[in-house]
Amino acid sequence: MSLKSEYDAAYFTLLRAHEERDDLLRYREFLDAERDRLDAFSDATREEEDTLPRRIRRAVGLTSKQLLEAVGRRRTVVLD
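Heads up: the sequence shown runs through residues 4 to 83, numbered per our numbering.
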């Protein structure tokens with residue numbers, strides 16, 4: 004292999020590494036934003052549920068519990 008072709012191979016390897024790094028940083032930003040969205044959604048759901056009358060809160064709570072559990076599972080995946 005000539006010196007020029009070795010240089011070119013190293014250069015393009017470096018470019019690919021930079022692209023992969025940039026992609027991973029964007030993915031990290033996405034995961035951080037997703038975590039924030041999930042937290043905000045969960046907080047808003049709990050807060051709104053607390054404003055309901057007691058009789059209605061129980062009925063809503065049955066579905067909210069399952070919803071918040073699903074959000075919690077999604078959040079666990081995002082944090083891993």
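Glycine included, C-beta positions come from ideal geometry on N, C-alpha and C. Please read all numbers here as calculations on a predicted model, not as lab measurements.
Supposed contact pair residue j and residue i - C-beta distance, whole angstroms, cut 8 Å
| i | j | result |
| --- | --- | --- |
| Arg77 | Leu41 | 6 Å |
| Lys28 | Thr48 | With the sequence shown as reference, residue 28 is identified as Leu, and Lys is not the correct amino acid for it. The Cβ separation is near 31 Å, so there is no contact. |
Whether residue i touches residue j by CB criterion (8 Å)
| i | j | result |
| --- | --- | --- |
| Phe44 | Val81 | no |
| Glu52 | Arg61 | no |
Residues of its chain near residue i, where Cβ-Cβ distance is below 6 Å and the 5 sequence neighbours each way are ignored
| i | result |
| --- | --- |
| Arg38 | Val81 |
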